[in-house]
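Protein chains in written order, with my numbering: chain H, 1 to 368; chain P, 1 to 368.
C-beta atoms are modelled at their ideal positions from N, C-alpha and C, and glycine is treated no differently.
From a predicted model like this one, the values you see are computed outputs, not experimental measurements.
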DNA sequence: ACCCCTTGTGCAACTAGTTGCATAAAGACG
DNA sequence: CGTCTTTATGCAACTAGTTGCACAAGGGGT
């Protein structure tokens with residue numbers, strides 16, 4: 001066995017032979033303890049010796065083995081992000097790319113890694129956390145899509161695994177919660193915007209009711225509207241899928257008192273909604289105004305450009321990373337997320353003055 | 001220090017106190033070696049003893065520490081995926097979500113994890129691989145976006161890190177390459193489709209020329225067209241960004257001999273192109289036919305629905321994972337990727353009402 | 001000149017599993 | 001009943017760093 005290992009190393013030329021701390025110590029003429037102290041800025045080492053050790057390490061291309069360090073310190077410098085993927089929805093949802101971008105921006109400079117996992121449902125997700133904790137693979141986890149009676153916060157607390165929950169900050173949650181303050185502000189602003197444009201028949205296409213963030217936004221929608229003395233034209237729940245967004249839109253357009261404006265729980269659904277409306281022969285925004293949520297990049301380039309709510313997913317991701325790192329004992333300056341979701345007005349919303357025209361039920365092209 | 005550790009464990013109640021192999025051995029009344037053998041199905045252990053050990057482990061909720069196992073075996077069961085993010089393009093590109101889905105489907109059942117990193121450019125990417133290799137953090141890496149004179153394959157080979165390169169399979173590449181066979185087939189099919197519809201002035205909006213896959217597709221486009229005796233109306237290079245797609249489209253629409261069809265290097269750009277065309281007052285497909293590439297979910301729901309090329313990113317991701325796992329010594333059945341990219345005809349392409357210049361060489365229906 | 005204090009360095013034990021080798025126990029056979 | 005197999009089990013060393021503690025060396029004060 002030793003023989004095969006040796007030959008594998010030889011074949012790897014320079015890079016294959018990983019130097020150990022002993023090689024560095026020998027090269028610098030010190031003990032391995034000195035090398036360790038030089039790298040961790042602990043203990044008492046003369047600056048000259050430190051330099052000599054660091055030079056020797058650089059010469060050999062040595063970095064401390066993450067595995068050995070993790071074993072000794074019981075800290076892996078790795079965080080978990082588990083994405084639930086009900087029915088391949090992730091593939092369509094660029095939301096997560098933004099979140100990951102925000103997380104990585106904080107993790108990378110501190111040498112942390114992000115371990116990404118995909119699961120089918122909550123049960124699988126819980127089992128995964130149990131395994132990750134039992135194997136000691138990660139130092140903490142980012143939880144997305146908080147839901148009512150979410151089993152994950154108590155589970156992770158029981159496992160001794162630090163976690164942050166993305167969503168509306170909530171003081172007595174079992175784990176810290178990170179999110180823009182005043183979550184409802186964007187919806188509030190959007191409703192105001194539509195009403196100023198003259199809309200009174202406004203519908204809302206929501207996500208699954210058990211997810212807290214989408215439930216909250218839907219509640220704010222209804223509340224804001226009623227404060228102005230107007231009843232919601234309709235409120236529909238979906239599973240966030242494109243197909244459901246199209247189905248919901250078709251249902252709304254088939255109403256006798258058709259809404260003049262529709263707000264969607266995310267941009268992906270809003271884009272599908274616009275497509276469905278156009279297919280039904282309606283013009284956006286002339287016949288129907290549409291508002292999205294997320295401010296995905298693509299919304300700026302569609303025709304019409306999408307009016308949406310910017311919730312700065314990247315910044316929330318960065319804040320989540322900082323909160324989690326702080327729980328893991330890293331020295332992270334706390335930066336307050338004092339912003340709030342903001343409406344971005346573009347072209348998919350416009351004034352309504354006409355009584356709703358009847359729907360032309362002639363599809364332009366009768367294809368799939 | 002021991003005191004503080006003990007108190008931390010006590011405070012963690014049940015889950016906080018990670019059991020060790022010793023605890024399991026004691027509970028089962030055997031040595032730690034027996035526990036190890038029971039879990040790894042090695043050595044010679046009676047089935048009864050094995051059962052007793054496994055039960056004890058389940059009772060205590062013990063799994064072997066990934067860190068300790070990794071230290072001993074020099075295998076972390078973790079693979080790296082590094083995404084280059086020129087200017088926040090990732091956020092817009094659901095392509096990666098699909099790839100990750102495909103990778104995870106193979107990794108998760110084998111207990112492997114995916115370490116995701118984002119970098120700004122090739123230099124940063126190379127430095128990252130060097131660090132990951134030096135620290136022994138991963139067993140291998142998935143490389144995307146092969147480019148001409150790509151520095152990464154030789155680098156990773158030098159570092160002794162297994163890797164797979166996504167793209168056209170290429171026998172004498174320094175690292176194994178994974179991709180659908182006959183990469184050009186989809187483009188070929190798309191050009192045929194457009195010519196059957198009567199298009200003769202067809203333009204191509206490509207990605208950066210140094211990326212092999214987009215360069216190859218562009219070459220196939222030009223070649224296919226010329227084989228039919230038609231010159232490309234225009235071929236433009238972009239950086240894959242939405243802004244560049246819009247700019248390219250506007251340039252094409254401003255030509256005196258405006259193209260009647262445009263093919264884009266990916267769906268995101270095609271969607272932006274449709275938006276730009278509509279904004280310029282053109283109808284798609286009546287005035288301009290558009291073809292994308294990738295078959296992203298959203299393309300099915302736009303108006304018009306997007307005609308595109310399906311290259312089955314998920315399946316390629318799964319194949320890449322298998323190839324990499326095989327290199328890492330896992331016993332993975334080799335599944336051939338014998339498929340090829342295929343055209344998906346939807347609504348964004350249609351017959352051109354403009355007079356088509358007569359074809360000189362081959363008839364439009366005489367295709368492969 | 002002696003002692004003390006400060007500073008630098010190394011030994012050895014520790015992290016949590018894995019594994020080669022020795023040995024013990026049990027059954028088979030002469 | 002003793003010896004030979006066969007099979008099961010445990011000891012101890014090993015993976016690559018980290019760290020408490022002991023000790024050595026140098027400088028300053030009395």
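Using a 10 angstroms sphere on the CB of residue 154 of chain H, the tally of other CB atoms stays under 16, which defines it as exposed. Selection P/82, P/189, P/75, P/322 evaluated against residue 160 of chain P yields P/75 as nearest (Cα-Cα).
Under the Cβ distance rule, residue 262 of chain H does not count among the residues neighbouring chain P, no pair being separated by less than 9 Å.
The C-beta distance from residue 181 of chain H to residue 305 of chain H rounds to 27 Å, too long to meet the 8 Å contact threshold.
Taking 9 Å as the CB threshold, residue 238 of chain H stays off the interface with chain P. At least one CB atom of chain P sits nearer than 9 Å to the CB of residue 96 of chain H. Just so you know, the alpha carbons of residue 137 of chain H and residue 319 of chain H end up roughly 23 Å apart. With respect to the C-alpha of residue 58 of chain H, the residue from H/27, H/47, H/33 having the closest C-alpha is H/27. Between residue 291 of chain P and chain H, the shortest Cβ-Cβ separation is not below 9 Å. In the three-state scheme derived from DSSP, where H, G and I count as helix and E and B as strand, residue 199 of chain H is classed as coil. With respect to residue 219 of chain H, residue 261 of chain H sits apart: the two C-beta atoms are not nearer than 9 Å.
In chain order, 146, 177, 179, 212, 213 place their CB closer than 7 Å to the CB of residue 167 of chain H, counting only its own chain and leaving out the 5 sequence neighbours on each side. Taking 3 residues as the minimum length, the beta strand (DSSP E) runs contained wholly in the segment 138-195 of chain H are 140-143, 163-166, in order along the chain. Between residue 117 of chain H and residue 108 of chain P, the beta carbon gap of about 7 Å places them in contact (Cβ cut-off 8 Å). Apart from sequence neighbours up to five positions away, the residues of its chain that approach residue 110 of chain H with a beta-carbon distance below 7 Å are 325, 330, ordered along the chain.
For residue 129 of chain H, the enclosing alpha helix (DSSP H) covers residues 122-134. The three-state reading of DSSP puts residue 110 of chain H in helix, counting H, G and I together. Ranking P/73, P/222, P/290, P/210 by CA distance to the CA of residue 245 of chain P puts P/290 first. Contact between residue 19 of chain P and residue 60 of chain P holds, since their C-beta atoms are separated by about 4 Å, short of 8 Å.
In this structure, the beta-carbon distance from residue 215 of chain H to residue 148 of chain H falls below 9 Å. Assignment of residue 213 of chain P by DSSP, reduced to helix, strand and coil, places it in the helix class. Within chain H, the C-beta atoms nearer than 8 Å to that of residue 117 of chain P come from 104, 108, 113, 114, in chain order. Each residue's CA atom was taken as its position, placing residue 209 of chain H and residue 122 of chain H some 15 Å apart. Here residue 162 of chain H is actually not in contact with residue 192 of chain H; their C-beta atoms are around 39 Å apart, not less than 8 Å. Residue 307 of chain H has its alpha-carbon roughly 11 Å from the corresponding atom of residue 342 of chain H. Neighbours of residue 271 of chain H across chain P, judged by C-beta separation under 8 Å: 298, 301, 302. The shortest CA-to-CA distance from residue 32 of chain P to any of P/41, P/40, P/39, P/21 is the one to P/21. DSSP links residue 289 of chain P through a beta bridge to P/261.
At a Cβ-Cβ threshold of 9 Å, residue 279 of chain H and residue 199 of chain P do not count as neighbours.
Only 134, 135, 136, 137 from the segment 134-145 of chain H bring a Cβ to less than 7 Å from some Cβ of chain P. The beta carbon of residue 18 of chain H falls within 9 Å of a beta carbon belonging to chain P, placing the residue at that interface.
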